[in-house]
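Below you'll find the structure, written out as structure tokens, and then a few comments.
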Amino acid sequence: MSSQPARPLVLGVETSCDETSAAVLDGRNRILGHVILSQDVHEVFGGVVPELAARAHLQRIDAVVQEALHKAGIRLDEVDVFGVTAGPGLIGALLVGVCWTKAVAFALGKPLIAVHHMEAHLFGPVLEDEEAEPPFVALLVSGGHTLLLYAEAWGRYRLLGETRDDAAGEAFDKVAKLLGLAYPGGPEIERLARDGDPRRHRLPRPMLRGNQRPEDGDYYDFSFSGLKTAVAELVRALETRGALDAERAHVAAAFQQAAVDVLASKTLRAVEQTGCRRVLVGGGVSANGRLRDELADRLGPGARLFRASARLSMDNGAMVARTARFRYDLGHVAPPEASASADLAFPGLVRRTA
Ligand code: KG4
Ligand code: ZN
1 MSSQPARPLV LGVETSCDET SAAVLDGRNR ILGHVILSQD VHEVFGGVVP ELAARAHLQR
61 IDAVVQEALH KAGIRLDEVD VFGVTAGPGL IGALLVGVCW TKAVAFALGK PLIAVHHMEA
121 HLFGPVLEDE EAEPPFVALL VSGGHTLLLY AEAWGRYRLL GETRDDAAGE AFDKVAKLLG
181 LAYPGGPEIE RLARDGDPRR HRLPRPMLRG NQRPEDGDYY DFSFSGLKTA VAELVRALET
241 RGALDAERAH VAAAFQQAAV DVLASKTLRA VEQTGCRRVL VGGGVSANGR LRDELADRLG
301 PGARLFRASA RLSMDNGAMV ARTARFRYDL GHVAPPEASA SADLAFPGLV RRTA
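Residue 1 is where the sequence shown starts when you use my numbering, and the numbers rise one by one after that.
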């Protein structure tokens, strides 16, 4: 190293789904080196194949970590803290990251931190904007989860709502498949929707009604499977009339608007109820420009909207390293028997009491 970086140096490893990623942060939470390798083996299947994801992580993890260390200008044995996503996610994929990181951390006698993937998405924006700190209302929208929560402080979260069926990103991916678009579907839908008129087709806003009250169980909850079914029926009807090609962009725009409308409306309900006008949106779907614009419009002036760049919204090692640093400072070191869990509990998250 030419000049000594601030300690501790934290390595974050992410293998929960189809991105193999590693990052090194210095003691001031600056990213020294970061590599994200997206797997393209799933493209032809139109979705992630868990077995292929695990194999691809195993083949690439060494090279990905080496490259992140190289960019950071440090050696593996200079890492002070090892963080790894331990769940939730695809179990075979998670195990690759956990076993690799655990083996290296214990061989070097360094602490291992087990990171929760969705808590890591909360830490994405603060890597680029140091004001993205709690308190905030957080909308976490990824391929596997849709959560609305109130973060009082780092590590102290109150769950307000979640999806009862499909996740928001999953809905984008499934609708993309119905429209014959590539995987992952979110960016494809967003691109196509730019040429479409969202008002040309009416689609439902599941679980969103004007007469819901904060005490109602579904006031903050989401449901996307009915919306996907409505799109499937619309696509079938258009196909029968030979009109699908001409309508594809309009269907994409109508779907995107329906999904965004529900996500933004429920987030605004949380803002009203908590009185907190600071909102963070995280997870892969937070890269969606329409979602960001809708939230910004509805929040209006004087409110704050935090969101990471596209690179730090998708699955990445930097957010894992940042979360590991937070948990390390609290002394949350994983025991030697630590493992991966497909449905790991969100640390510090309490359910809403009506
Ligand atoms: O957080 P993430 O990278 O992985 C998981 O933890 O699942 O999120 C991936 C999801 C995919 O469903 C993908 O289609 C969606 O994020 N996504 C988007 C956009 N970019 C990625 N959805 C809507 N609009 C986008 N621009
Ligand atoms: Zn994710």
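Glycine is no exception: its CB is placed at the ideal position from the N, C-alpha and C atoms.
Helix, strand or coil at residue i according to DSSP, with G and I counted as helix
| i | result |
| --- | --- |
| Gly302 | coil |
| Glu133 | coil |
| Gly289 | helix |
| Arg191 | helix |
| His121 | helix |
| Val104 | helix |
| Glu14 | strand |
| Leu94 | helix |
| Arg351 | strand |
| Ala138 | strand |
| Asp340 | In the sequence under discussion, the amino acid at residue 340 is Ala, which differs from the Asp named in the question. Coil. |
| Leu112 | strand |
| Ser3 | coil |
| Ala345 | coil |
| Leu9 | coil |
| Asp297 | helix |
| Gly143 | coil |
| Met314 | coil |
| Glu78 | helix |
| Leu181 | coil |
| Arg28 | coil |
CB contact flag (residue i, residue j, <8 Å)
| i | j | result |
| --- | --- | --- |
| Met314 | Gly284 | yes |
| Ala68 | Ala114 | no |
| Ala338 | Lys102 | yes |
| Pro347 | His116 | yes |
| Leu76 | Leu280 | no |
| Gly97 | Ala321 | no |
| Leu349 | Leu159 | yes |
| Pro88 | Gly144 | yes |
| Thr20 | Val81 | no |
| Ala54 | Gly92 | yes |
| Pro336 | Ala258 | no |
| Ala249 | Ala193 | yes |
| Arg269 | Arg304 | no |
| Gln273 | Glu190 | no |
Residue of the options minimising C-alpha distance to residue i
| i | options | result |
| --- | --- | --- |
| Phe224 | Leu179, Lys174, Ala243, Pro214 | Lys174 |
| Leu94 | Ser286, Leu263, Asp18 | Asp18 |
| Val13 | Trp100, Pro50, Asp26 | Trp100 |
| Val260 | Leu244, Gly186, Arg28 | Gly186 |
| Leu9 | Gln256, Leu25, Thr20 | Leu25 |
| Arg164 | Leu227, Thr323, Tyr328, Ile91 | Leu227 |
| Trp154 | Gln212, Ala249, Pro134, Lys177 | Pro134 |
| Val49 | Arg241, Asp62, Arg60, Leu90 | Leu90 |
| Gly275 | Pro198, Phe136, Thr20 | Phe136 |
| Gly169 | Asp40, Val141, Ala54, Arg213 | Val141 |
| Asp195 | Leu268, Leu295, Glu247, Val79 | Glu247 |
| Val7 | Ile189, Gly180, Ile74 | In the sequence as presented, Val is not what sits at residue 7; that position holds Arg. Taking only the C-alpha atoms, the option nearest Arg7 is Ile74. |
| Leu147 | Ala53, Leu238, Thr267 | Thr267 |
| Asp221 | Ala232, Val231, Arg209, Ala237 | Arg209 |
| Asp197 | Asp343, Glu119, Ala253 | Ala253 |
| Arg119 | Pro335, Gly282, Gly331, Lys177 | The residue you asked about is not Arg; residue 119 is Glu in the sequence shown. For Glu119, the nearest C-alpha among the options comes from Gly282. |
| Leu37 | Ser341, Gly317, Pro335 | Gly317 |
| Val79 | Leu112, Leu58, Asp62, Glu131 | Leu112 |
| Glu294 | Arg55, Leu263, Ser341, His201 | Leu263 |
| Ser3 | Ala324, Ala72, Arg298 | Ala72 |
| Leu139 | Arg307, Tyr328, Arg311, Asp329 | Arg307 |
| Glu43 | Arg292, Ala182, Asp297 | Ala182 |
| Gly289 | Ser309, Glu272, Gly46 | Ser309 |
| Val35 | Gln66, Ala287, Arg199, Ala345 | Gln66 |
Span of the beta strand (DSSP E), counted from its first residue to its last, around residue i
| i | result |
| --- | --- |
| Ile31 | 31-38 |
| Ala308 | No beta strand (DSSP E) contains Ala308, which DSSP labels as neither H nor E. |
| Tyr157 | 156-162 |
| Gly87 | 81-87 |
| Glu23 | Sequence inspection shows Ala at residue 23; the Glu mentioned does not correspond to that position. Per DSSP, Ala23 belongs to the beta strand (DSSP E) from 19-25. |
| Val41 | Per DSSP, Val41 belongs to no beta strand (DSSP E) and is neither H nor E. |
| Val333 | Unbroken run through Val333: none, as it is neither H nor E. |
Start-to-end residues for the alpha helix (DSSP H) that takes in residue i
| i | result |
| --- | --- |
| His57 | 50-72 |
| Glu170 | 168-178 |
| Tyr150 | Premise fails: Tyr150 lies in the beta strand (DSSP E), 146-153, not in any alpha helix (DSSP H). |
Any chain D beta carbon closer than 8 Å to residue i
| i | result |
| --- | --- |
| Ala249 | As a matter of chain content, chain D is missing from the structure shown, which is built from one protein chain. |
Enumerate, from N- to C-terminal direction, the unbroken alpha helix (DSSP H) stretches of 4 or more residues contained entirely within the region 197-283. Counting only runs of 4 or more residues that sit fully inside the region 197-283, the alpha helix (DSSP H) segments are 225-240, 244-274, in chain order.
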